[in-house]
Amino acid sequence: MRVLLTGHQGYLGTVMAPVLTAAGHEVVGLDAGLFADCVLGPPPADPPGRRVDLRDVTAEHVAGVDAVIHLAALSNDPLGSLAPDLTYDINHHASVRLARLARDAGVQRFLYASTCSVYGAAGGADLVAEDAPLRPVTPYAESKVRVEDDLHALADGDFSPVYMRNATAFGYSPRLRADIVLNNLVGHALLSGEVLVLSDGTPWRPLVHAADIARAFTAALGAPREAVHDRAFNIGSEVNNVTVAEIAEQVAEAVSGAKVVITGENGADPRSYRVDFSRFRTAIPGFDCEWTVKQGALELADKYRDHGLTQEDFERRFTRLAVLRAASDAGTVDDTLRWRR
Ligand SMILES: NC(=O)c1ccc[n+]([C@@H]2O[C@H](COP(=O)([O-])OP(=O)(O)OC[C@H]3O[C@@H](n4cnc5c(N)ncnc54)[C@H](O)[C@@H]3O)[C@@H](O)[C@H]2O)c1
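Take the position in the sequence shown, starting the count at 1, then add 1141; the result is the number in my numbering.
Structure, rendered in structure tokens:
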């Protein structure tokens, strides 16, 4: 298939593009390139792509495409809370516009990068499946719920949106993010000797390796239409349903000499959910995640050491919010996060 991959220069897109290519797909990227230079290790070989803001996409960008994988977004809660209006403009309105253009152009499958944080304050130890009530607690998560709703209204006999509700990602990507929990804790442990947890450690936080997300999207792309059409899927594995305190313990085991410090200064985190991932395994027989949290912590520690992660890079270069704040302060992007020409 010819696949338009939005967000191909992000954390997940950089891992997903080569997996799609290896599966025989022709990948064309589309990204504003906000984090294109935030690379740890050798520069990645990006697929052919275009530097386009999602809000400026036209019919030309989806012409001749068989499927769209839509990752581009303001990708976390702090970004969403910094600028809720922008989050809705980019994550919600521009995403739905892209889907309409894709449908009009005859694109048959639209894989949307949603998130398990749509379950928000699900709380408790019960596993939440895809039909659980959605209780988003941040503008970021709310934007994802709105897109799912609007894509559902576009689904028809020729256009199949699929809602891939990813757990929180971890693992090495050349375009690293240090602002997601495991990547953050491993970096902190290496740089300071402490596995620093600011919450009380009790929230459940299901995790999934970036490479497993890439494999899941690739599998959903090739699945029979009836298996995925207009369906939501939790992407991850029950073995990686862990509390933040358990994640911290795994990190302490992976980084020798590191000690767990739970300060609790941010109090209890309302985002807590334990997730049932069986629907995707049933829809895609043979699929399962390959990476555990422990393996991911060991991999990250090795990559951080090999590529010489510094405190400065950890706090600024690989933290999405810090990068955008710096670009805004330097005047390279305007108030709406568009590049100044
Ligand atoms: N990483 C996770 O833990 C996780 C979990 C669940 C869902 N997701 C979703 O997966 C997707 C990818 O996440 P990621 O971790 O790779 O994030 P990321 O921030 O690394 O990548 C997002 C990409 O989108 C691009 N982008 C942002 N605004 C844009 C705009 N206006 N126009 C064009 N491009 C724009 C950025 O330049 C970046 O390359 C996002 O939709 C995110 O919400 C991520």
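Ideal Cβ positions, reconstructed from N, Cα and C, are used throughout, including at glycine.
(1) Pick helix, strand or coil for Leu-1171, following the three-state DSSP scheme.
(2) Quick one, which of Ala-1310, Ala-1208, Pro-1183 has its alpha-carbon nearest Leu-1366's?
(3) Closer than 8 Å is the cut-off here; do at least three beta carbon pairs connect the stretch 1393-1401 with the stretch 1347-1359?
(4) For ligand 1, is there a heavy atom less than 7 Å away from the beta-carbon of Ser-1469?
(5) So what does DSSP say about Leu-1337, is it helix, strand or coil?
(6) Any heavy atom of ligand 1 within a distance shorter than 7 Å of the CB on Gly-1405?
(7) Considering only heavy atoms of ligand 1, does any lie closer than 7 Å to the CB of Tyr-1445?
(8) Using only alpha-carbon positions, find the residue among Leu-1292, Leu-1223, Gly-1247 that is nearest to Pro-1280.
(9) Taking the alpha helix (DSSP H) that Pro-1159 falls in, what are its first and last residues?
(10) Hey, Ala-1483 and Met-1157 are a contact pair by Cβ (cut 8 Å); roughly how many whole angstroms apart?
(11) Classify Gln-1452 as buried or exposed, calling it buried when 16 or more other Cβ atoms lie within 10 Å of its own Cβ.
(12) On the DSSP bridge assignment, give the partners of Thr-1309 in chain order.
(13) Rounded to the nearest angstrom, how far is the Cβ of Leu-1478 from that of Leu-1227, given a contact under 8 Å?
(14) Whole angstroms is fine: what's the gap from Ser-1314's alpha carbon to Ala-1214's?
(15) Would you mind sorting Trp-1432 into buried or exposed? The rule is 16 or more other CB atoms within 10 Å of its CB.
(16) What residue does the beta strand (DSSP E) around Ile-1376 start on, and which one ends it?
(17) Quick one: does Leu-1441 have its CB under 8 Å from some CB of chain B?
(18) From Glu-1201 to Ser-1333, what does the alpha carbon distance come to, in whole angstroms?
(19) Could you have a look at His-1211 and say whether DSSP puts it in helix, strand or coil?
(20) Which whole-angstrom value describes the C-beta separation of Val-1160 and Thr-1359, a residue pair presumed to lie in contact below a C-beta threshold of 8 Å?
(21) Where Phe-1485 and Leu-1239 are concerned, what is the direct C-alpha to C-alpha distance, given to the nearest angstrom?
(22) Could you say which of Ala-1364, Gly-1437, Arg-1192 lies nearest to Gly-1427 if we only look at CA atoms?
The answer reads as follows:
(1) In the sequence shown, residue 1171 corresponds to position 30, counting from 1. Strand.
(2) Walking along the sequence shown from the start, residue 1366 turns up at place 225. For the sequence presented, residue 1366 should be read as Arg rather than Leu. Considering only alpha carbons, the answer is Ala-1208.
(3) no
(4) The count along the sequence shown starts at 1 and reaches residue 1469 at position 328. The answer is no for Ser-1469.
(5) Working through the sequence shown from its first residue, we reach residue 1337 at position 196. Looking at Leu-1337 - three-state DSSP - the assignment turns out to be strand.
(6) Position 264 of the sequence shown holds residue 1405. Every heavy atom of ligand 1 is 7 Å or more from the Cβ of Gly-1405, so no.
(7) One-based indexing of the sequence shown puts residue 1445 at position 304. Incorrect: Tyr-1445 has no Cβ contact closer than 7 Å to ligand 1.
(8) As a working note, residue 1280 is residue 139 in the sequence shown. When each option's Cα is compared against that of Pro-1280, the closest is Leu-1223.
(9) Taking the sequence shown and counting its residues from 1, one reaches residue 1159 at position 18. Its alpha helix (DSSP H) spans residues 1152-1163.
(10) Outside the displayed span of the chain (1142 to 1482) sits residue 1483, for which this structure offers no information.
(11) Locating residue 1452 in the sequence shown gives position 311, where the first residue counts as 1. Classification for Gln-1452: exposed.
(12) Mapped onto the sequence shown, residue 1309 falls at position 168. For Thr-1309, which the question treats as bridged, DSSP gives the partners Leu-1348.
(13) In the sequence shown, the residue the question calls residue 1478 occupies position 337. In the sequence shown, the residue the question calls residue 1227 occupies position 86. Correct: roughly 6 Å between the Cβ atoms.
(14) On the sequence shown, residue 1314 is found 173 positions in, with the first residue counted as 1. On the sequence shown, residue 1214 is found 73 positions in, with the first residue counted as 1. For Ser-1314 and Ala-1214, the distance between alpha carbons rounds to 17 Å.
(15) In the sequence shown, the residue the question calls residue 1432 occupies position 291. Burial call: buried.
(16) If you number the sequence shown from 1, residue 1376 lands on position 235. That run of the beta strand (DSSP E) goes 1373-1376.
(17) Absent here is chain B; the protein component of the structure consists of one chain.
(18) Translated into the one-based positions of the sequence shown, residue 1201 becomes position 60. Translated into the one-based positions of the sequence shown, residue 1333 becomes position 192. When rounded, the distance between both Cα atoms is 49 Å.
(19) By one-based count along the sequence shown, residue 1211 stands at place 70. His-1211: strand per DSSP, three-state reduction.
(20) Start at 1 with the first residue of the sequence shown, and residue 1160 comes out as number 19. Start at 1 with the first residue of the sequence shown, and residue 1359 comes out as number 218. The pair is a contact, with the Cβ atoms about 5 Å apart (cut-off 8 Å).
(21) No statement about residue 1485 is possible, as the shown extent of the chain runs from 1142 to 1482 and does not include it.
(22) By one-based count along the sequence shown, residue 1427 stands at place 286. Nearest option by C-alpha distance: Ala-1364.
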